[in-house]
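Q: With positions in the sequence shown counted from 1, the corresponding number in this note's numbering is that position plus 15. Backbone N, C-alpha and C fix where the C-beta goes; we use that ideal spot for every residue, glycine too. Would you mind keeping the following structure in view while I ask a few things?
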Amino acid sequence: MDYNNILCEVKNKIAFITINRPDKLNALNNATLTELKKCFTYIKNENEINAVIVTGAGEKAFVAGADISELNKLNAVSGQIFSENGQEVFNMIEKLGKPVIAAVNGFALGGGCELALACHIRLASDKAKFGQPEVNLGIIPGYAGTQRLTRLINSGRAAEMILTGDLIDSHEALRMGLVNNVFKGEELMTKAVEMAEKISSKGQIAIRMAIKAIVACDDVSEIEGQNLESSMFGLCCGTEDFKEGTSAFLEKRKADFKNS
Ligand code: COA
Numbered sequence: 016m017d018y019n020n021i022l023c024e025v026k027n028k029i030a031f032i033t034i035n036r037p038d039k040l041n042a043l044n045n046a047t048l049t050e051l052k053k054c055f056t057y058i059k060n061e062n063e064i065n066a067v068i069v070t071g072a073g074e075k076a077f078v079a080g081a082d083i084s085e086l087n088k089l090n091a092v093s094g095q096i097f098s099e100n101g102q103e104v105f106n107m108i109e110k111l112g113k114p115v116i117a118a119v120n121g122f123a124l125g126g127g128c129e130l131a132l133a134c135h136i137r138l139a140s141d142k143a144k145f146g147q148p149e150v151n152l153g154i155i156p157g158y159a160g161t162q163r164l165t166r167l168i169n170s171g172r173a174a175e176m177i178l179t180g181d182l183i184d185s186h187e188a189l190r191m192g193l194v195n196n197v198f199k200g201e202e203l204m205t206k207a208v209e210m211a212e213k214i215s216s217k218g219q220i221a222i223r224m225a226i227k228a229i230v231a232c233d234d235v236s237e238i239e240g241q242n243l244e245s246s247m248f249g250l251c252c253g254t255e256d257f258k259e260g261t262s263a264f265l266e267k268r269k270a271d272f273k274n275s
């Protein structure tokens with residue numbers, strides 16, 4: 016598929032999406048969001064893709080936010096639509112049904128931090144910087160940052176980031192639970208691929224059920240979540256993968272999952 020603002024390639028059942036506007040620090044303009052939507056729709060429907068890694072082109076940025084030259088033209092009505100459009104794309108990433116890993120290689124600001132938050136796992140380079148600096152522009156996060164950041168980390172720390180607009184480095188992000196791990200810049204992609212390959216080596220029906228149940232946690236009550244978990248657990252028990260996984264353990268051999 017041809018894109019102008021992102022790169023998407025699939026290797027060994029892993030899709031690599033690179034936001035590719037390095038001269039604008041990979042700022043998300045409307046065209047980029049549209050391409051992301053198209054690309055994630057393809058990935059959702061492509062059974063041969065098991066996991067996704069999202070990163071930014073160049074040395075400096077993951078994504079430095081929504082494109083401020085486009086933000087500058089918004090009014091009250093178009094601003095709401097702008098926010099809803101971004102939320103729709105990021106919700107699609109969160110609800111993809113396949114694991115999405117953010118490999119945060121540099122600035123993850125505003126919409127960039129929100130993009131990382133919509134991914135299921137965040138790995139960061141030691142040079143990455145995170146922030147929600149929208150208040151400096153007279154706005155608030157609009158791609159669900161007020162919601163996802165507050166749920167992910169301590170609400171006081173989320174309020175501090177959103178209200179001051181201050182940036183934090185990747186070690187601080189690790190301390191507050193915003194990222195899963197921090198690696199040297201040159202190791203980041205290797206570590207992300209290792210994790211994606213490990214996930215990809217498991218039975219994919221179980222992986223997809225697990226990610227759905229994890230994501231549902233934000234939307235449903237504890238009891239609804241547990242009911243969902245039981246249903247999905249039951250579905251897994253009806254698969255060939257379940258027979259293979261349990262038999263392989265008992266026979267002391269490596270499981271050979273067929274995803275059926
Ligand atoms: N939207 C549009 N363009 C952006 C951008 C954004 N969010 N972030 C960076 N750019 C552009 C700059 O305008 C500049 O373009 P130019 O070379 O045509 O002038 C280019 O990317 C490089 O950015 P620059 O500011 O020169 O780099 P820097 O190293 O001095 O500073 C940042 C890096 C990230 C601190 C700074 O670019 C910044 O504060 N960006 C905006 C962050 C933000 O507010 N994001 C939230 C938006 S909701």
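Would you check whether the ligand COA has a heavy atom nearer than 7 Å to the C-beta of E101?
A: According to the sequence provided, residue 101 is Gly. The question's Glu does not apply to it. Answer for G101: no, Cβ out of range of the ligand COA.
Q: Output yes or no for whether 8 Å exceeds the beta carbon distance between A143 and A123.
A: For A143 and A123, yes; Cβs fall inside 8 Å.
Q: Could you name the residues of the same chain whose beta carbon sits closer than 6 Å to that of A131, not counting the 5 residues immediately before and after it, in chain order?
A: Excluding sequence neighbours, A131 sits near A117, V119, A123 and R137.
Q: So, at 6 Å on beta carbons, what are the nonlocal neighbours of F257 in its own chain, with the 5 sequence-adjacent residues on each side left out?
A: The answer, listed in chain order, is C251.
Q: Would a C-beta distance cut-off of 8 Å place F145 and L189 closer than the cut-off?
A: For F145 and L189, no; Cβs fall outside 8 Å.
Q: How long is the line joining the alpha carbons of K26 and T49, rounded to whole angstroms?
A: If I take the Cα positions, the gap works out to 23 Å.
Q: Does the pairing of the stretch 63 to 80 with the stretch 38 to 46 give three or more beta-carbon distances under 8 Å?
A: Flag = yes, the stretch 63 to 80 and the stretch 38 to 46 touch.
Q: Would you mind stating whether A139 and V78 have Cβ atoms separated by less than 8 Å?
A: Not closer than 8 Å, so no.
Q: Quick one: which unbroken beta strand (DSSP E) runs of 3-plus residues sit fully inside the stretch 203 to 245? Chain order, please.
A: Segments of the beta strand (DSSP E) lying fully in the stretch 203 to 245: there are none.
Q: For the ligand COA, I want to know if S84 counts as a neighbour, meaning its beta carbon is within less than 7 Å of at least one of the ligand's heavy atoms.
A: Result yes, Cβ under 7 Å from the ligand COA.
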